[in-house]
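K.L.:
Residue numbers (the numbering used here), protein chains in the order written: chain Z, 1 to 320; chain X, 321 to 542.
#1: If you count every other CB in all the chains shown that lies within 10 Å of the CB of residue 351 (chain X), and 16 or more means buried, which is it?
#2: Indicate whether residue 458 (chain X) and residue 489 (chain X) have their beta-carbon atoms separated by less than 8 angstroms.
#3: Compare the C-alpha of residue 50 (chain Z) against each of Z:25, Z:177, Z:299, Z:37 and name the closest.
#4: Check whether the Cβ of residue 322 (chain X) lies closer than 8 angstroms to any Cβ atom in chain Z.
#5: Nearest-angstrom Cα distance between residue 271 (chain Z) and residue 419 (chain X)?
#6: Are the Cβ atoms of residue 253 (chain Z) and residue 194 (chain Z) separated by less than 8 angstroms?
#7: Distance cutoff 8 angstroms, beta carbons only. Does residue 333 (chain X) sit that close to anything in chain Z?
#8: Using DSSP with H/G/I as helix, E/B as strand and the rest coil, what is residue 470 (chain X)?
#9: Inspect the CB distances between the region 29 to 48 of chain Z and the region 127 to 137 of chain Z and report whether three or more fall short of 8 angstroms.
#10: For residue 59 (chain Z) and residue 111 (chain Z), which I take to be in contact (beta-carbon distance under 8 angstroms), what is that distance rounded to the nearest angstrom?
#11: Runs of 4 residues minimum, wholly inside the region 360 to 436 of chain X: which ones carry the alpha helix (DSSP H) assignment?
#12: Using a Cβ-Cβ cut-off of 8 angstroms, state whether residue 337 (chain X) counts as contacting chain Z.
#13: Let me make sure I understand the geometry here. Which of Z:180, Z:52, Z:306, Z:167 has the alpha-carbon closest to that of residue 246 (chain Z)?
#14: For the region 292 to 319 of chain Z, enumerate the residues whose C-beta is nearer than 8 angstroms to any C-beta of chain X, in chain order.
#15: Note down, in chain order, each residue of its chain lying with its Cβ closer than 8 angstroms to the Cβ of residue 323 (chain X), except the 5 sequence neighbours on either side.
#16: Of the choices Z:178, Z:317, Z:106, whose alpha-carbon is the least far from that of residue 86 (chain Z)?
#17: Rounded to the nearest angstrom, what separates residue 444 (chain X) and residue 483 (chain X) at their Cα positions?
#18: Taking 8 angstroms as the cut-off, decide whether the C-beta atoms of residue 274 (chain Z) and residue 29 (chain Z) are in contact.
#19: How about residue 166 (chain Z): is its C-beta nearer than 8 angstroms to some C-beta of chain X?
#20: The alpha helix (DSSP H) that contains residue 123 (chain Z), what's its start and end?
#21: Would you say residue 177 (chain Z) faces chain X, with C-beta separation under 8 angstroms as the test?
#22: What residues from chain Z crowd round residue 330 (chain X), counting only those whose CB sits closer than 7 angstroms?
#23: For residue 355 (chain X), which option in X:387, X:480, X:502 has the closest C-alpha, if you only look at C-alpha atoms?
#24: Can you tell me where the alpha helix (DSSP H) with residue 282 (chain Z) in it begins and where it stops?
#25: Per DSSP, what kind of secondary structure is residue 350 (chain X) in: helix, strand or coil?
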């Protein structure tokens, strides 16, 4: 029992390290795929690591009227994202920490990070910062209910809101087709595009004042603060990808604890993330950036799809 | 046959869900060309689900229905529609009477209504497809909503055709399809209706210089 617990905790830390190491790699991979799809010469895969390392060495320049909240926010955001990637089962469903926070708490952690990045954006008092913060809160308050509805649909299927149990039920039960998951999957994809500042809603590479959301909030950051925020952004993308993989493609996440299960889980995770990155790059290449006022419609559609997923579940699958 | 039926039932359920998804996509679509593509996809899903029901239940006449669906709704009607809008030169955005998020909200209410309406009926039915009856009715109602909220003639006709898709799906899910004569008759009706409406488009445009059917509400020129 004790040995099992120790192994579980070890696995949990392994998962954290995997998240910290793989997250910039995933961002680099998506950027590379995007560049290749758009006929540009691709940036090196390791570029995000080098960028983070470079930023850590640079000096921090703070605005004269920056409060302590401005300095604390990067650490809080980074901690939130690291915690989120701890809760999502990626390498095993037998995680000792997973019992502490379920899917709803996970949404809460994302919300906490969002509130702090928005507050930090407004803290210095530049017009861009508050513009970005307001837009971020607009996107956030529309995306959150949709994300919750997606989680509720999967919770209805597996009778639990704990992510580990959801993944266990979906991945290790006998094969069955859930039409509601198709709806929930589309809704989740739309929500994660919006939450990660991806193309139809926001462009992660732009610095045009009319269109930027995420970049506008972090304009005032520099040095190690900026490094932490960039790292947290890629951790968020990683966490969202892992939630998507865990909910809709849970095969390959083993239940037990052990070296041999890791040998299966790790390549499976890498493969799924690589495919997911290609799909994300494809979506970003094929779609055009929306006007900011179209974003509520986009996210409203995501919410309605998630509601439909629940309804379809109740109609088609509840009786069984 | 019944041993494998859980999987067939699940595949039919999945196709039904995709049908509903496409109905919502049509409801929210602004561009006519994409609307026709979605209608084509809906026809393809309908054809696939009819074929699966035919295979799962051994009702051979359903294969013929699936074939008619494929010919008519996936190939012929989209082709006619594409030709029509090329001739009429109406590729621009469709304007809706109510804005799209509101339309979608009404759509959700309609879906809940249809599901509740279908629940007692589907409990009585003994077919493999009984649980999809609610979705079929929802598809009919959503197509109806689309006809109501669009002001231009072409999207209204697509809504009408999509309503026929929903009715066809309802017939398949409730009673394994209608008698062959009825099905052939409906197929012919839809085709002839499409041709007549095509002529109508030109007449409307000639008369009013636009395809906005709100002009038809006036009885005489002022």
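Quick reminder that beta carbons are idealized off the backbone N, C-alpha and C, glycines included.
P.N.:
Result, derived from the coordinates:
#1: For the purposes of this step, residue 351 (chain X) is taken as the residue at position 31 of the second chain. Flag for residue 351 (chain X) reads exposed.
#2: As a first step, residue 458 (chain X) is located in the second chain; it is residue number 138 there, counting from the start. As a first step, residue 489 (chain X) is located in the second chain; it is residue number 169 there, counting from the start. Cβ atoms of residue 458 (chain X) and residue 489 (chain X): not closer than 8 angstroms.
#3: Counting from 1 along the first chain, the entry for residue 50 (chain Z) is found at position 50. When each option's Cα is compared against that of residue 50 (chain Z), the closest is Z:25.
#4: Translated into positions along the second chain, residue 322 (chain X) becomes position 2. Confidence is the limiting factor: at residue 322 (chain X) the pLDDT is only 48, short of 50, which leaves the residue's position unreliable, though a coordinate-based value still follows. So no, residue 322 (chain X) is outside the interface.
#5: Indexing the first chain from 1 puts residue 271 (chain Z) at position 271. Indexing the second chain from 1 puts residue 419 (chain X) at position 99. Roughly 42 angstroms separates the two Cα atoms.
#6: Counting from one through the first chain, the residue named residue 253 (chain Z) turns up at place 253. Counting from one through the first chain, the residue named residue 194 (chain Z) turns up at place 194. Against a cut-off of 8 angstroms, the Cβ pair of residue 194 (chain Z) and residue 253 (chain Z) comes out as no contact.
#7: In the second chain, the residue the question calls residue 333 (chain X) occupies position 13. Yes, residue 333 (chain X) counts as interfacial toward chain Z.
#8: Taking the first residue of the second chain as 1, we reach residue 470 (chain X) at position 150. Correct three-state label for residue 470 (chain X): strand.
#9: The region 29 to 48 of chain Z makes no contact with the region 127 to 137 of chain Z; the number of CB pairs closer than 8 angstroms stays below 3.
#10: Taking the first residue of the first chain as 1, we reach residue 59 (chain Z) at position 59. Taking the first residue of the first chain as 1, we reach residue 111 (chain Z) at position 111. In this structure residue 59 (chain Z) does not touch residue 111 (chain Z) by the C-beta definition: roughly 32 angstroms separates them, more than the 8 angstroms allowed.
#11: 381 to 389, 397 to 408
#12: Translated into positions along the second chain, residue 337 (chain X) becomes position 17. Interface annotation, residue 337 (chain X): in contact with chain Z, CB-CB separation under 8 angstroms.
#13: Taking the first residue of the first chain as position 1, residue 246 (chain Z) is located at position 246. It is Z:167 whose Cα lies nearest to the Cα of residue 246 (chain Z).
#14: 296, 297, 300, 301, 304, 305, 307, 308, 311, 312, 314, 315, 316, 317, 319
#15: Here residue 323 (chain X) is taken as the residue at index 3 of the second chain, counted from 1. Unreliable placement is indicated for residue 323 (chain X), whose pLDDT of 45 sits below 50; the coordinate value is still reported in the next sentence. Apart from the 5 residues on each side of it in sequence, residue 323 (chain X) has no Cβ closer than 8 angstroms to any other Cβ in its chain.
#16: Along the first chain, read from residue 1 onward, the residue named residue 86 (chain Z) stands at position 86. Ranking Z:178, Z:317, Z:106 by Cα distance to residue 86 (chain Z) puts Z:106 first.
#17: Start at 1 with the first residue of the second chain, and residue 444 (chain X) comes out as number 124. Start at 1 with the first residue of the second chain, and residue 483 (chain X) comes out as number 163. Their Cα atoms are separated by approximately 24 angstroms.
#18: The count along the first chain starts at 1 and reaches residue 274 (chain Z) at position 274. The count along the first chain starts at 1 and reaches residue 29 (chain Z) at position 29. Cβ atoms of residue 274 (chain Z) and residue 29 (chain Z): closer than 8 angstroms.
#19: For the purposes of this step, residue 166 (chain Z) is taken as residue 166 along the first chain, with counting starting at 1. Not one chain X Cβ lies under 8 angstroms of residue 166 (chain Z).
#20: One-based indexing of the first chain puts residue 123 (chain Z) at position 123. Start and end: 103 to 123.
#21: Within the first chain, residue 177 (chain Z) is the residue found at index 177, counting from 1. With 8 angstroms as the cut-off, residue 177 (chain Z) counts as an interface residue toward chain X.
#22: Counting from 1 along the second chain, the entry for residue 330 (chain X) is found at position 10. Residues of chain Z passing the Cβ test: 176, 177.
#23: Along the second chain, read from residue 1 onward, the residue named residue 355 (chain X) stands at position 35. Of the listed residues, the one whose Cα sits closest to residue 355 (chain X) is X:480.
#24: Position 282 of the first chain, counting from 1, holds the residue named residue 282 (chain Z). Looking at the DSSP string, the run of the alpha helix (DSSP H) that includes residue 282 (chain Z) is 259 to 286.
#25: Here residue 350 (chain X) refers to the residue found at position 30 of the second chain. Residue state, collapsed to three classes: coil.
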